[in-house]
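From first to last, the protein sequence lines are chains A and B.
For the first sequence, numbering that gives the first Met the number 0 assigns the number 0 to the initial residue and increments by one for each residue that follows.
For the second sequence, numbering that gives the first Met the number 0 assigns the number 0 to the initial residue and increments by one for each residue that follows.
Beta carbons: idealized from backbone N, C-alpha and C, even for Gly.
2 protein chains.
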Amino acid sequence: MATLGGHARRHKVAVIGSGNWGSAIAKIVAENTRQNPKLFEQDVQMWVFEEQVMIPKESKNYRPGSTPQKLTDVINKHHENVKYLAGIDLPTNLIANPSLEDSVRDASILIFNLPHQFIAKTCEQLRGKILPFARGVSCIKGVDVTRDEVKLFSESIGSKLGIYCGALSGANIANEVAAEKWSETTVAYDPPQVDSRHPTPLGSPSASSTNLAAKGKTSPERAGSIKLQALPEGYPALNHENMKKLFHRPYFHVRMTTDVAGVSLGGALKNVVALAAGFVDGLGWGDNAKAAVMRVGIQEQVAFGRRFFPDSFQTATMTEESCGVADMITSCSGGRNFRCAKISVQKGLSIEQVEKEQLNGQKLQGTSTAVEVNTFLKAKGMEQDFPLFTAVYNILEGNKKPEEIPDLILNEEDDDTKNIKRARM
Amino acid sequence: MATLGGHARRHKVAVIGSGNWGSAIAKIVAENTRQNPKLFEQDVQMWVFEEQVMIPKESKNYRPGSTPQKLTDVINKHHENVKYLAGIDLPTNLIANPSLEDSVRDASILIFNLPHQFIAKTCEQLRGKILPFARGVSCIKGVDVTRDEVKLFSESIGSKLGIYCGALSGANIANEVAAEKWSETTVAYDPPQVDSRHPTPLGSPSASSTNLAAKGKTSPERAGSIKLQALPEGYPALNHENMKKLFHRPYFHVRMTTDVAGVSLGGALKNVVALAAGFVDGLGWGDNAKAAVMRVGIQEQVAFGRRFFPDSFQTATMTEESCGVADMITSCSGGRNFRCAKISVQKGLSIEQVEKEQLNGQKLQGTSTAVEVNTFLKAKGMEQDFPLFTAVYNILEGNKKPEEIPDLILNEEDDDTKNIKRARM
C-alpha cells in the first residue's frame, strides 16, 4: 500500500445515528475527512435507521405528487436528510447506510450519536462486527444514573464494545450547528497508552483515569475483562491534534480535554438546572435571579464531578468550557426544559401537563435526570450537599414550591462563606 | 458606656450616594442595622445630592398640584426616593442627609455608591472629615484604566482617604434588588491586620495582598505614605461574618471573598463582552454563538486578572461567583451594552448613533471600557493575548466586522488546545 503523507493507512469514519444532531455531526466530519485526506478516508458512512419518507415541502428536493422513498436513498441521491435536517446540504462524501454492520466495516473511528435508549441494543448488534482497535466518540448527551452508580454513556459504549470511547458535548443546538452558525464544543479524549503486544484491561488501574464511574460499585462490565487494543502500525496517531481535525470547522470551534466525566456530566446535569431557571423565571423574578440559579447550578455540577469522579474530573471543564458554562447558558436561555418549567409556573400546571401540551408526547430530559440524580443522592445520604438539585426534585414532586428556592439553597451559601475554599488560582 | 452583647461600641454606617443602586443598597443596609443592634447603630445616614423634585405620578405619595420639594425632605418624610427609586418603601431608619460631611460623622463603615466620575471630588471633600480608622466598601462598578495602569475604584478611594476599602459587585440590576427579587452578590473584604500602636502603610508588602494594581507602575497614592489604623477597642470586629450581616438579606444572598481585584474586574470587563454578545446576537447567530462569546469573555477576564493582579486574583471569583459568571450572564441577557450592540448590527448603525437614539444622551460603559482596556493592552504589547477584547475595540473603531469574531478569537483556542493547562482541579 502506498504511503500517504507518511501514513500507510488512513482512518475510516462511521457515524452511528442520523437524527438532527447525528446528521449535523456527520456533515462536519465528512467535511473534515475531505479536507484531511492524509489522515482520513474521504467517504464517511452514516448508519440510518431505514424508513419510508415523503420529501417535505420545505425541502428544495420536494416534487408534488411524489411517492414515499427510502430515507437512505433520498440522502444518497439528494444529499439532504429530508426527515431530520431538511434544508441542509450534506457533503456528497457522506454515505447513508441502512445496515449497521456494513456501516462500521473497517471503520477505525466510530462516532455515536443516537438516542440513549438505543445504545444497549445497538452495541449488542455491533459486538464482534467492529475493528477491535477502533476508537469511539460519544455525542450522546446525558449520563446513566441508577440508585447505585453514575455511568457515562461513553463508558457504557466502551465497555460493551471493548474499545475506548471519548465524548463530545457543548453549547450546540443541532439546527444552528447544521446551519453553520458559529458555536464551540468540547471533545474529551484520553485513551490509555496501550502496547499492541500487551493489551491493557479497560478499567484497570493502568488504564485511563477517565475510565471510572461513581465510586463504591464497580460494574461487571468494567471489571477488567476487556482488553484494549493498540492501533496497528501504519495508522495516523489518534491524538488530540488529529481528533481535533476530525471535528473542528470554521463555524464549529473545538477545544480538546482529557476530562470525559466532566464533558458528559455537563450535558446531563444542566437540564436539571434549566428547570430551576425556568421556575424562577416563571415567577417573574428577573435576570438576577436566573443568573443566580445558573451560578449555583454550575457549582453543584462541579461538586458532583468532584465527589463522584474524583480521579478524573476537572473543575475547569464545567466553569470554563463549552460543555459546561456555555451549554448551561444556552439551555437556560431557550431550551425546552427551561421553557416548560417556566410555563408550568406561569400557568400553575404540573410539568406533566406542560409536557403534554407543549411536547407532543415527548418527555423532558431534565425531569427524568432530576429524579434519577435524586434517587442516587438519597441512597448515598447526600441530598443536602446538592440543595438545588434536591430542590428541583422536590418541586417536581410537589413537596416544595419554586418560591422556596432561595431558602432551600441558602445552607450551601452559608457553608461556603464560613469556610472559604480557595485552593485554586 | 454600657456594653451591648459584649461590645462597648457599635458601628455607625454611612452610604455615600443615593441613585437607584445607592438607594437599594442603603435600604438593605438599614434593614440589617435594625436587625443586628449589637453590631450596628440603627440609623444609617445616606448622603443625597440635594435637588428640588416633584413627586412623580407613579409614587403613592403623589398629590396633584404639589410644588417642588427638597429630595432629602421627601425621603425623610415619605421614606421613598421619589426621583431614583420611586415606588420602593425605604426603612424609616435610613436618613437622607444633604451634607456629605455630616453624613459621615462618626461613621466607622462607609459605603460608596455613586457615579465613578464623582469619586475624586467626593473623596477630596471627605478627606480629614472621616474617622481615621473607618473601613470602606465600594459598590461602584468598573475600574479606572489608563495607558499605564489598571486601578480599582476601591483602591482609589482607600488611598485618597487613607482607609481600607473593599468592594461589592454581583448580578444586581438595581431595580430588581430594590423590589426584593432574589439575587446574589459578592463582597470582597480583606483588610490587612493592623496593630493600633503600629499602623501599617497601605500598599506596603505587609499590607493586604489585595492592595495591588496592574504591575509595572506604582502610583504615588499607593506609595506607602498612608498609615492604616486599627479599629479602636470596643468595636465589634469587621470580619467576614459581620460584614456579611451588613449586606445579606433573604432576597440578597451574599458570598464573601478576599479577592477585591476579581470582584472589581468582573463588573468592568463584562461590559466589553456584552457588546460582543450583542454583535453576535444582532447577526442572528443564535444562542450557541452568544454562549460561546460569553465563555471566551469569562476566559479573558480570568486571563486579565491573572496577568495584572497576580498576587491577589482568584480564577474562581470570575468562574464561580455572582460578580463573575452570573453578572456576565445578566449583562449579556438584557443589559444596555448588549442591547445597543445588537441594535447597531441589526440596523447597520454605529454604536454612537444607537446611543443617541436609545440612551437619551447617556453613554455606554462598555464602549469606554473597551477603548481604555485596548489603550492599556496596546501599550503593553498584549492585544493579541486578549483577542475578544481586541475584536470588540476594532469593531467599535470600524476596523473589523462582527462577522469576523470567530476568526479573530480562534488563535486563543488553538493555543489552548496545543498546550492544555489543567493545573487546577
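Option in B:Ala236, B:Ser168 and B:Val144 with minimal Cα separation from Gly5 of chain B:
The residue you call residue 5 of chain B lines up with position 6 of the second sequence. Checked all of B:Ala236, B:Ser168 and B:Val144; the closest Cα to Gly5 of chain B is B:Ala236.
If we count the other Cβ atoms within 10 Å of its Cβ and call it buried at 16 or more, is Ile358 of chain B buried or exposed?
Residue numbering aside, residue 358 of chain B sits at position 359 when the second sequence is read from its first letter. Ile is not the amino acid found at residue 358 of chain B; the sequence shown has Leu there. Exposed.
Locate the beta strand (DSSP E) running through Tyr250 of chain A, then write down its first and last residues.
On the first sequence, residue 250 of chain A is found 251 positions in, with the first residue counted as 1. For Tyr250 of chain A, no beta strand (DSSP E) segment is defined, and its DSSP state is neither H nor E.
For Gly18 of chain B, which option in B:Arg33, B:Asn80, B:Gln51 and B:Ser58 has the closest C-alpha, if you only look at C-alpha atoms?
Mapped onto the second sequence, residue 18 of chain B falls at position 19. If we check each option's Cα against that of Gly18 of chain B, B:Asn80 comes out closest.
Going along the chain, which residues of the region 276 to 292 of chain B sit with their C-beta nearer than 7 angstroms to a C-beta in chain A?
Across the region 276 to 292 of chain B, CB contacts with chain A closer than 7 angstroms involve Trp284, Gly285, Asp286, Asn287, Ala288, Ala290 and Ala291, in sequence order along the chain.
Express the C-alpha separation of Leu125 of chain A and Leu160 of chain A in angstroms, rounding to a whole number.
Residue mapping note: residue 160 of chain A aligns to position 161 of the first sequence, counting from 1. Residue mapping note: residue 125 of chain A aligns to position 126 of the first sequence, counting from 1. In a straight line, the C-alpha of Leu160 of chain A is about 7 angstroms away from that of Leu125 of chain A.
For Met53 of chain B, I'd like the list of residues in its chain whose CB is within less than 6 angstroms of its CB, leaving aside the five on either flank, ordered along the chain.
What you label residue 53 of chain B is simply residue 54 of the second sequence in a count that begins at 1. Around Met53 of chain B: Pro67.
Go to Met317 of chain B, then tell me how far its alpha helix (DSSP H) extends in each direction, as first and last residue.
The residue labelled residue 317 of chain B in the question sits at position 318 within the second sequence. Residues Thr314 to Glu319.
Roughly how many whole angstroms lie between the Cα atoms of Val14 of chain B and Ile139 of chain B?
As a working mapping, residue 14 of chain B is identified with position 15 in the second sequence. As a working mapping, residue 139 of chain B is identified with position 140 in the second sequence. Here the alpha carbons of Ile139 of chain B and Val14 of chain B stand approximately 12 angstroms from one another.
Contact list for Ile394 of chain B against chain A, beta-carbon separation under 8 angstroms:
Position 395 of the second sequence holds residue 394 of chain B. Near Ile394 of chain B there are no residues of chain A at all, since even the closest Cβ is about 15 angstroms away, more than 8 angstroms.
Presumed contact (8 angstroms Cβ cut-off) between Leu426 of chain B and Phe303 of chain B, rounded CB distance:
Coverage of chain B is limited to positions 0 through 424, which leaves residue 426 of chain B absent and any answer about it impossible.
Report yes if the CB atom of Arg248 of chain B is closer than 7 angstroms to the CB atom of Ile27 of chain B, and no otherwise.
Mapped onto the second sequence, residue 248 of chain B falls at position 249. Mapped onto the second sequence, residue 27 of chain B falls at position 28. Result yes, Cβ atoms of Arg248 of chain B and Ile27 of chain B sit closer than 7 angstroms.
Per DSSP, Val43 of chain B is paired with what?
Start at 1 with the first residue of the second sequence, and residue 43 of chain B comes out as number 44. BP columns for Val43 of chain B point to B:Val12 and B:Leu93.
Touch test, the region 361 to 380 of chain B against the region 245 to 259 of chain B, Cβ-Cβ under 8 angstroms, three pairs minimum
Using a C-beta cut-off of 8 angstroms, the region 361 to 380 of chain B makes no contact with the region 245 to 259 of chain B, since fewer than three inter-stretch Cβ pairs fall below that distance.
When the Cα atoms are used, what is the spatial distance from Gly397 of chain A to Gln300 of chain A?
Along the first sequence, read from residue 1 onward, the residue named residue 397 of chain A stands at position 398. Along the first sequence, read from residue 1 onward, the residue named residue 300 of chain A stands at position 301. Between the alpha carbons of Gly397 of chain A and Gln300 of chain A lies a distance of about 24 angstroms.
The ligand HEM and Ala390 of chain B: does the residue's C-beta get closer than 6 angstroms to at least one heavy atom of that ligand?
This structure does not include the ligand HEM; it has no bound ligands of any sort.
Determine the DSSP secondary structure at Arg305 of chain A, reduced to helix, strand or coil.
Along the first sequence, one-based indexing puts residue 305 of chain A at 306. Of the three classes helix, strand and coil, the one that applies to Arg305 of chain A here is helix, per DSSP.
Closer than 7 angstroms, CB to CB, is Pro405 of chain A near chain B or not?
On the first sequence, position 406 is the one that residue 405 of chain A refers to. The Cβ of Pro405 of chain A sits closer than 7 angstroms to at least one Cβ of chain B.
Tell me, please, whether the CB atom of Thr329 of chain A is closer than 7 angstroms to any CB atom in chain B?
Numbered from 1 along the first sequence, position 330 holds the residue referred to as residue 329 of chain A. Output row for Thr329 of chain A: interface = yes.
So that I know if they touch, is there some Cβ in chain A lying closer than 7 angstroms to that of Glu175 of chain B?
Walking along the second sequence from the start, residue 175 of chain B turns up at place 176. With 7 angstroms as the cut-off, Glu175 of chain B counts as an interface residue toward chain A.
Relative to the C-alpha of Asn112 of chain A, which residue among A:Val295, A:Glu50, A:Met45 and A:Leu348 is closest?
As a first step, residue 112 of chain A must be located in the first sequence, where it is residue number 113. Nearest neighbour of Asn112 of chain A by Cα position, chosen from A:Val295, A:Glu50, A:Met45 and A:Leu348, turns out to be A:Met45.
Using DSSP with H/G/I as helix, E/B as strand and the rest coil, what is Thr145 of chain B?
By one-based count along the second sequence, residue 145 of chain B stands at place 146. Reduced to three states, the DSSP call for Thr145 of chain B is coil.
May I have the straight-line CA-CA distance separating Ala378 of chain A from Asp384 of chain A, to the nearest angstrom?
Numbered from its first residue, the first sequence carries residue 378 of chain A at position 379. Numbered from its first residue, the first sequence carries residue 384 of chain A at position 385. Going by the C-alpha atoms only, they are around 13 angstroms apart.
Same chain, Cβ closer than 6 angstroms to Gln364 of chain B, five either side skipped, listed in chain order:
Taking the second sequence and counting its residues from 1, one reaches residue 364 of chain B at position 365. The beta carbon of Gln364 of chain B sits closer than 6 angstroms to those of Asn270, all from its chain and outside the five residues before and after it, given in chain order.
Asp286 of chain A versus Gly165 of chain B - alpha carbon distance:
Counting from one through the first sequence, the residue named residue 286 of chain A turns up at place 287. Counting from one through the second sequence, the residue named residue 165 of chain B turns up at place 166. Cα atoms of Asp286 of chain A and Gly165 of chain B: separation of roughly 25 angstroms, rounded to the nearest angstrom.
Quick one, are the C-beta atoms of Val47 of chain B and Pro97 of chain B less than 7 angstroms apart?
Here residue 47 of chain B refers to the residue found at position 48 of the second sequence. Here residue 97 of chain B refers to the residue found at position 98 of the second sequence. Going by C-beta atoms, Val47 of chain B is nearer than 7 angstroms to Pro97 of chain B.
So, is the C-beta of Glu183 of chain A closer than 7 angstroms to a C-beta in chain B?
On the first sequence, residue 183 of chain A is found 184 positions in, with the first residue counted as 1. Yes, Glu183 of chain A counts as interfacial toward chain B.
Residues near Leu130 of chain A in its chain [Cβ-Cβ closer than 6 angstroms; skip 5 each side]:
The count along the first sequence starts at 1 and reaches residue 130 of chain A at position 131. Only Ser107 meet the Cβ criterion.
For Asn427 of chain A, count neighbouring C-beta atoms within 10 Å of its own C-beta (all shown protein chains included) and say buried if the count is 16 or more, exposed if not.
Outside the displayed range of chain A (0 to 424) lies residue 427 of chain A, so it cannot be described from this structure.
Between Thr91 of chain A and the rest of its own chain, which residues show a CB-CB distance below 6 angstroms, the 5 nearest in sequence each way excluded?
Within the first sequence, residue 91 of chain A is the residue found at index 92, counting from 1. These residues qualify, in order along the chain: His78.
Nearest chain B C-beta to Gly304 of chain A closer than 7 angstroms, yes or no?
Locating residue 304 of chain A in the first sequence gives position 305, counting from the first residue. At a cut-off of 7 angstroms between beta carbons, Gly304 of chain A makes no contact with chain B.
Span of the beta strand (DSSP E) holding Ser168 of chain A?
Here residue 168 of chain A refers to the residue found at position 169 when the first sequence is read from its first residue. Taken as a continuous stretch (DSSP letters only), the beta strand (DSSP E) holding Ser168 of chain A covers Tyr163 to Ser168.
Would a check of beta-carbon distances place Arg294 of chain A closer than 7 angstroms to chain B?
Mapped onto the first sequence, residue 294 of chain A falls at position 295. Interface criterion met: the Cβ of Arg294 of chain A is under 7 angstroms from a Cβ in chain B.
Of the residues B:Tyr234, B:Gln41, B:Ala25 and B:Val324, which one's Cα is nearest the Cα of Val262 of chain B?
Taking the second sequence and counting its residues from 1, the one referred to as residue 262 of chain B is at position 263. Cα-wise, what sits closest to Val262 of chain B is B:Val324.
Using a Cβ-Cβ distance cut-off of 7 angstroms, determine whether Ile172 of chain A contacts chain B.
On the first sequence, residue 172 of chain A is found 173 positions in, with the first residue counted as 1. Interface criterion met: the Cβ of Ile172 of chain A is under 7 angstroms from a Cβ in chain B.
So Ser433 of chain B packs on Gly169 of chain B, CB below 8 angstroms; how close in whole Å?
Absent from the structure is residue 433 of chain B, since the part of chain B shown begins at 0 and ends at 424.
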